[in-house]
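Protein chains in written order, with my numbering: chain A, 1 to 156; chain B, 1001 to 1273. Just so you know, even glycine gets a beta-carbon here, dropped at the ideal spot from N, CA and C. Keep in mind it's a predicted model, so treat the numbers as computed, not measured.
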Amino acid sequence: MNINLTLFGQTIAFAIFVWFCMKNVWPPITQAMQERQKKIAEGLDAAGRAQNDLKLAQEKVSNTLKETKEQATQIIEQANKHANTIIEEAKEQARIEGERLIASAKAEIEQEVNRARDQLRSQVAALAIQGAEQILQSQVDAQVHNGLVEKLASQL
Amino acid sequence: MASTPVEYIQHHLQNLALGFHPEKGLMFAKTADDAVQMGFWAIHVDTMLWSVLCGLLFIKLFQKAAVNATSGVPGKLQNLVEMCVEFVEGMMRDTFHGRNPVVAPLALTIFVWVFLMNSLKWIPVDYIPGLAHLIGIPYFKIVPTADPNGTFGLSIGVFALIIYYSIKVKGGLGFTKELAFTPFNHWSLVPFNLFLEILGLLTKPLSLALRLFGNMYAGEVVFILIALLPFWAQWTLNVPWAIFHILVIPLQAFIFMVLTVVYLSSAHEDHSH
Chain A
1 MNINLTLFGQ
11 TIAFAIFVWF
21 CMKNVWPPIT
31 QAMQERQKKI
41 AEGLDAAGRA
51 QNDLKLAQEK
61 VSNTLKETKE
71 QATQIIEQAN
81 KHANTIIEEA
91 KEQARIEGER
101 LIASAKAEIE
111 QEVNRARDQL
121 RSQVAALAIQ
131 GAEQILQSQV
141 DAQVHNGLVE
151 KLASQL
Chain B
1001 MASTPVEYIQ
1011 HHLQNLALGF
1021 HPEKGLMFAK
1031 TADDAVQMGF
1041 WAIHVDTMLW
1051 SVLCGLLFIK
1061 LFQKAAVNAT
1071 SGVPGKLQNL
1081 VEMCVEFVEG
1091 MMRDTFHGRN
1101 PVVAPLALTI
1111 FVWVFLMNSL
1121 KWIPVDYIPG
1131 LAHLIGIPYF
1141 KIVPTADPNG
1151 TFGLSIGVFA
1161 LIIYYSIKVK
1171 GGLGFTKELA
1181 FTPFNHWSLV
1191 PFNLFLEILG
1201 LLTKPLSLAL
1211 RLFGNMYAGE
1221 VVFILIALLP
1231 FWAQWTLNVP
1241 WAIFHILVIP
1251 LQAFIFMVLT
1261 VVYLSSAHED
1271 HSH
């Protein structure tokens, strides 16, 4: 066989064919491939995002749970404290009330004693006069001696 | 070597044969007559070389993609390989109804390999033979699928698988029964059935091989004929023909694959149940 211009002609044809492929065949193929790649990338991205979201949500849930627990213990503590203060207050009040009652009772007793003493005094005066009357066997003018008897009674 | 059109065409359609010449012993065939003299015990070195090269390219490419495969966003090569695999997988789902882990990889291999071998046709017809001529190799035909040896090699392999799986799935007896009692289920028609079924069975590899060979060979002849035009006019026909082959080359690879899968699918169908 001869090496001749046929080779050149084939080269021209080949070059044109390659150019045609570059222009019309290659772009759709690469585009399809790029689209496929993009679709996969997007899918993976979405999956990653979803996973991240899930993690965040879980974190949030556990955080909220922790906060709630803390709050609950706080509330319980507060309630306990409150209850203690109420008890203390009640105790204090009871003590004050008791003291007050004791004081008033004492005052009443005092009054009663005084009253009794007054009564006694007046009775003693009468008794003394009676006694003196009987002793003297004579009538003592109550009005004359009243001052003397009262003086005596007050000394009781 | 003076080159008339006829010689030119004949030269380009002649494979490089290595074999035993009855008189000259082991040699490369220097002329077409030498190759004929060698008879059956010769080997087409160019067909072997290029088909093995294409096979290696396929294996290396896909292996590289598989080794570097990531479950994340695929790179360019992985993307391409994944597209091929998905394409074959979709075709398998539609066509193959048996259960066999061999068939899908087989289909993928056939598709890509035949595609690569066919695509050698896009290389201008004088490039590689011209180079070979410069280093003193008399003949060099690079498209393995335009050599009946290449296509029959493939189809005989498929045929062996058809027989193997027919016997494996249906059993030797079941397979024989199927051959003997379809399409007419009557004892008196057994010879007729056998004749029909065996003919049908043998037609499968024949049709596979001849379809691919015929298409590729005819395309090759037209490319060579176009190369006989004056050099400045060649592109007017060569370019449209090459563009047409953008359709033909994948289509022939696809047809070979689909028919293989269809034949193997029918080998897996057990009609006795």
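Can you check which of these residues, the options, is closest to residue i by C-alpha distance?
i	options	result
B:F1159	B:P1022, B:L1202, B:P1191	B:L1202
B:E1023	B:L1016, B:G1039, B:Q1014, B:L1049	B:G1039
A:E35	B:K1064, B:T1004, B:V1073	B:V1073
B:V1261	B:V1125, B:S1155, B:L1228, B:N1185	B:S1155
B:Q1252	B:M1027, B:G1075, B:N1149, B:K1121	B:K1121
B:L1149	B:F1231, B:D1270, B:L1212	First, the amino acid is wrong: residue 1149 of chain B is Asn here, not Leu. Per the Cα distances, B:L1212.
B:G1136	B:I1167, B:A1029, B:D1034	B:A1029
A:D45	B:G1055, B:S1071, B:G1200	B:S1071
A:A13	B:M1027, B:G1130, B:I1123	B:I1123
B:L1206	B:M1083, B:E1007, B:F1256	B:F1256
B:F1254	B:L1106, B:P1183, B:L1026	B:L1106
Note down, in chain order, each residue of its chain lying with its Cβ closer than 6 Å to the Cβ of residue i, except the 5 sequence neighbours on either side.
i	result
B:Y1263	I1162, K1204
B:L1108	V1088
A:F8	none
B:A1035	A1017, A1029
A:T85	none
With C-beta atoms as the reference, is residue i less than 8 Å away from residue j?
i	j	result
B:H1021	B:Y1139	no
B:A1209	B:T1151	yes
B:M1092	B:S1051	no
B:H1268	B:Y1165	yes
B:G1219	B:H1245	yes
B:N1079	A:Q37	yes
B:L1179	B:E1197	yes
B:A1146	B:Y1217	yes
B:A1032	B:Q1014	yes
A:A125	A:A153	yes
B:P1005	B:L1228	yes
B:F1223	B:V1125	yes
B:D1270	B:K1177	no
A:I129	A:V149	yes
A:F20	B:I1167	no
A:L5	B:F1175	no
B:P1183	B:T1047	no
For the alpha helix (DSSP H) that contains residue i, what are its first and last residues?
i	result
B:L1237	1234–1267
A:M22	Neither: A:M22 is in no alpha helix (DSSP H) and is coded neither H nor E.
B:H1021	Unbroken run through B:H1021 is the beta strand (DSSP E), 1017–1021; no alpha helix (DSSP H).
B:A1180	1148–1181
B:V1006	1005–1012
Span of the beta strand (DSSP E) holding residue i?
i	result
B:L1225	Counting along the chain, B:L1225 falls outside any beta strand (DSSP E), though it belongs to the alpha helix (DSSP H) covering 1190–1226.
B:L1026	1025–1028
B:H1186	Element bounds for B:H1186: n/a, residue is neither H nor E.
With a threshold of 7 Å on Cβ separation, who are the neighbours of residue i within its own chain once the five nearest residues in sequence on each side are excluded?
i	result
B:P1250	F1115
B:I1226	Q1234, L1237, N1238, W1241
B:S1265	T1095, F1096, H1097, G1098
B:L1259	L1208
B:M1001	Below a pLDDT of 50, predicted positions are generally treated as unreliable, and B:M1001, at 40, falls in that range; no measurement from the model is reported.
Could you name the residues of the same chain whose beta carbon sits closer than 8 Å to that of residue i, not counting the 5 residues immediately before and after it, in chain order?
i	result
B:F1317	Nothing can be reported for residue 1317 of chain B: it is not among the residues displayed for chain B, which extend from 1001 to 1273.
B:F1181	V1190, N1193
B:L1061	L1077, V1081
B:I1128	F1140, I1142
B:K1064	L1077
B:W1187	none
A:F17	none
At a Cβ threshold of 8 Å, is residue i touching chain C?
i	result
A:A47	In summary, chain C is missing from the structure at hand, where the protein chains are A and B.
Checklist line | Within the stretch 1085–1141 of chain B, ranges of the alpha helix (DSSP H) (whole runs, at least 4 residues) | finding: At a cut-off of 4 residues, the continuous stretches assigned as alpha helix (DSSP H) that sit fully inside the stretch 1085–1141 of chain B are 1103–1119, 1127–1134.
Next item on the list: Please list the segments of the beta strand (DSSP E) lying wholly inside the stretch 1036–1075 of chain B, counting only runs of 3 or more residues, in order along the chain.
Entry: You should have 1042–1044.
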